[in-house]
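In the numbering used here, each residue's number is its place in the sequence shown (first place is 1) plus 98. Glycine residues also receive a C-beta, built at the ideal position from the N, C-alpha and C atoms.
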Amino acid sequence: MIRQFRSFSHPVRMLMLNQLTINIGFYMLIPYLANHLSAGLGLAVWTVGLILGVRNFAQQGMFLIGGTLADRFGYKPLIVAGCALRTGGFALIGLVDSLPALLVTSAATGFAGALFNPAVRAYLSTDAGERRVEAFALFNVFYQAGILLGPLVGLALTGIAFEITCLVAAGIFLVLTVLQIRALPQRVATSGAERPSVLAEWRTMASNKPFVLFSVVMISSYVLNYQIYLALPLEARRLAPDDGTGTMVVAVLFAVSGLLAIAGQVRITAWCKGKFRPGTCLAGGLALMGLAFVPPALGTGGFAPLVLSAAMLSLGTLVVFPFEMDTIVRLSGGNLVASYYGLYNTVCGVGIMLGNLLTGAALDLARGYGVPALPWLLLCVLGLVCGTALWQLDRSRRLEDPVAVA
Numbered sequence: 099m100i101r102q103f104r105s106f107s108h109p110v111r112m113l114m115l116n117q118l119t120i121n122i123g124f125y126m127l128i129p130y131l132a133n134h135l136s137a138g139l140g141l142a143v144w145t146v147g148l149i150l151g152v153r154n155f156a157q158q159g160m161f162l163i164g165g166t167l168a169d170r171f172g173y174k175p176l177i178v179a180g181c182a183l184r185t186g187g188f189a190l191i192g193l194v195d196s197l198p199a200l201l202v203t204s205a206a207t208g209f210a211g212a213l214f215n216p217a218v219r220a221y222l223s224t225d226a227g228e229r230r231v232e233a234f235a236l237f238n239v240f241y242q243a244g245i246l247l248g249p250l251v252g253l254a255l256t257g258i259a260f261e262i263t264c265l266v267a268a269g270i271f272l273v274l275t276v277l278q279i280r281a282l283p284q285r286v287a288t289s290g291a292e293r294p295s296v297l298a299e300w301r302t303m304a305s306n307k308p309f310v311l312f313s314v315v316m317i318s319s320y321v322l323n324y325q326i327y328l329a330l331p332l333e334a335r336r337l338a339p340d341d342g343t344g345t346m347v348v349a350v351l352f353a354v355s356g357l358l359a360i361a362g363q364v365r366i367t368a369w370c371k372g373k374f375r376p377g378t379c380l381a382g383g384l385a386l387m388g389l390a391f392v393p394p395a396l397g398t399g400g401f402a403p404l405v406l407s408a409a410m411l412s413l414g415t416l417v418v419f420p421f422e423m424d425t426i427v428r429l430s431g432g433n434l435v436a437s438y439y440g441l442y443n444t445v446c447g448v449g450i451m452l453g454n455l456l457t458g459a460a461l462d463l464a465r466g467y468g469v470p471a472l473p474w475l476l477l478c479v480l481g482l483v484c485g486t487a488l489w490q491l492d493r494s495r496r497l498e499d500p501v502a503v504a
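What follows is the structure, encoded as structure tokens:
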């Protein structure tokens, strides 16, 4: 993996290391924010939900804005701006205690992600060229490593004081901001005078039927993947005899997912790329994500089905992710790449919100009516149906570069 990392250009290597550090800084703080707001500041539960919801909306809902700005002004300025904004947001969120200030800082940290996420992916896809799939596979290794390490660092610092965690996270983003200003090569953006209006560009993307169909179908992959944070932990805590056991099992679920990604992503992607078409990999990976919910649906008891489910879900995600990122670039025809990533993430973000709402309601209703297997079976059917839809899109050549097909 180290040899493969060194084989990429300097900007690609830097973007991967940046993402590792970004995720460490983010996940060392965010998992402990709700407890700080409720237990530390004594805010009501609905207020905590509002603050966290504002952060999520400011990121998911603004991805399209961030992607459009990146295509207009270049990738580097948006990456730098996002890191700088998150520096200020994280520094303040541990120091302020009024609701208006908390809402502003929470929105700032969310919007920061909307600024740099599409820009990072567009920059990576541009510089990696024909090695996009390989680059995104390695990128996901660094991404998952940050998710795994961040909460461990945050746990140690939050044990001292949550304010310390916030300041350290802000310091990480400050260092990233400076490093990217100095070391990340500039990419010249097309002049605004030579481009159509923003609304015209958005209409172009919205009229790209293969891209729209792909985005809608791929909502299912995000809904399924998110169950490692929602349905599986809830089930683990329901089965656990005490809070300590439940917390330990949830930690095992996260560890299994993260370690599989770090150890297996590059090998799995290389094997899939050598054996199958990208569309086949997408369809098969999504079907595997659906089948991941069969073990808990069988209801054999114990925690083993949940661990197996997390492992299968992670494997399916590892198959899907690099080809998913590559497909977005191909469907864009190489134009407005950051905007396409932004729109795609916005659509999937709305899908995650609705999917989690429906999943939570299904879990409650199923237990109330004595059919606990039903939500797991519905998730399984979702993966299989959407995997089949992707296979059909691939067969009809709708997942190929529209320029090449023409």
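Run of the alpha helix (DSSP H) containing residue i, from where it starts to where it stops
i: L310; result: The amino acid occupying residue 310 in the given sequence is Val; Leu does not appear at that position. Start and end: K307 to N323.
i: H108; result: H108 to Y125
i: V152; result: V143 to Q158
i: D341; result: D341 to K373
i: F161; result: F161 to F171
i: R335; result: A329 to L337
i: R229; result: It is not in any alpha helix (DSSP H) - R229 carries neither H nor E in the DSSP assignment.
i: I270; result: F260 to A281
i: Q102; result: I100 to R104
i: P394; result: V392 to L396
i: L384; result: P376 to L389
i: V296; result: V296 to A304
Buried/exposed call for residue i, threshold 16 Cβ in 10 Å
i: L505; result: This structure does not reach residue 505, given that the chain is present from 99 up to 504, and the question cannot be answered.
i: K174; result: buried
i: N133; result: exposed
i: E228; result: exposed
i: G290; result: Caution applies to G290, whose pLDDT of 47 falls short of 50 and renders its modelled position unreliable; the value that the coordinates give is listed next. It counts as exposed.
i: A259; result: exposed
i: D169; result: buried
i: Y130; result: buried
i: G447; result: buried
i: M99; result: exposed
i: R428; result: buried
i: Q117; result: buried
Distance between residue j and residue i (C-alpha atoms, nearest Å)
i: F237; j: A243; result: 10 Å
i: P331; j: A349; result: 9 Å
i: W300; j: T425; result: 19 Å
i: P376; j: L246; result: 28 Å
i: F124; j: P249; result: 9 Å
i: R293; j: A142; result: 48 Å
i: T444; j: S430; result: 16 Å
i: T119; j: Q284; result: 20 Å
i: F401; j: A368; result: 32 Å
i: K371; j: C379; result: 8 Å
i: A504; j: V251; result: Low local confidence applies: a pLDDT of 41 at A504 is under 50, so the model's placement there is unreliable, and no value is given.
i: A502; j: M303; result: Any answer about A502 is weak, because its pLDDT of 45 lies below 50 and its placement is not dependable; what the coordinates show is given next. Between A502 and M303, the C-alpha separation is close to 18 Å.
i: A210; j: P394; result: 37 Å
i: C492; j: E232; result: Before going on, a small fix: residue 492 reads as Asp here, not Cys. Distance between the alpha carbons of D492 and E232: 20 Å.
i: A281; j: L265; result: 24 Å
i: L314; j: V483; result: Note that residue 314 is Val in the sequence shown here, rather than Leu. Distance between the alpha carbons of V314 and V483: 13 Å.
i: R230; j: G342; result: 43 Å
i: L274; j: A436; result: 21 Å
i: L176; j: P308; result: 28 Å
i: Y514; j: V146; result: For residue 514 there is no data in the structure shown, the boundaries of the chain being 99 and 504.
i: V202; j: R365; result: 43 Å
i: S196; j: S494; result: 55 Å
Selected residue, minimal CA-CA separation from residue i, among the options
i: L511; options: V276, S313, A220 and C478; result: Look at the range of the chain in this structure, 99 to 504, and you will see that residue 511 is not part of it.
i: T166; options: A460, N433 and V469; result: N433
i: V416; options: G342, Y241, F214 and L183; result: The residue asked about is misnamed: residue 416 is Leu in this sequence, not Val. The residue with the shortest Cα to Cα distance from L416 is Y241.
i: L139; options: I191, G186 and A395; result: I191
i: L358; options: K371, I122, P394 and L406; result: L406
i: L162; options: W489, L272, A409 and F214; result: F214
i: A235; options: Q157, A212 and L413; result: L413
i: A409; options: A361, G447, I450 and Y438; result: A361
i: M126; options: D340, M112 and F271; result: F271
Heavy atom of the ligand GTP within 8 Å of residue i beta-carbon
i: A259; result: This structure lacks the ligand GTP; in fact it carries no ligand of any kind.
Entirely enclosed alpha helix (DSSP H) segments - the stretch 419 to 498, minimum 4 residues: 435 to 466 and 472 to 493
Completely contained alpha helix (DSSP H) runs for the stretch 176 to 233, where each covers 4 or more residues: 197 to 226
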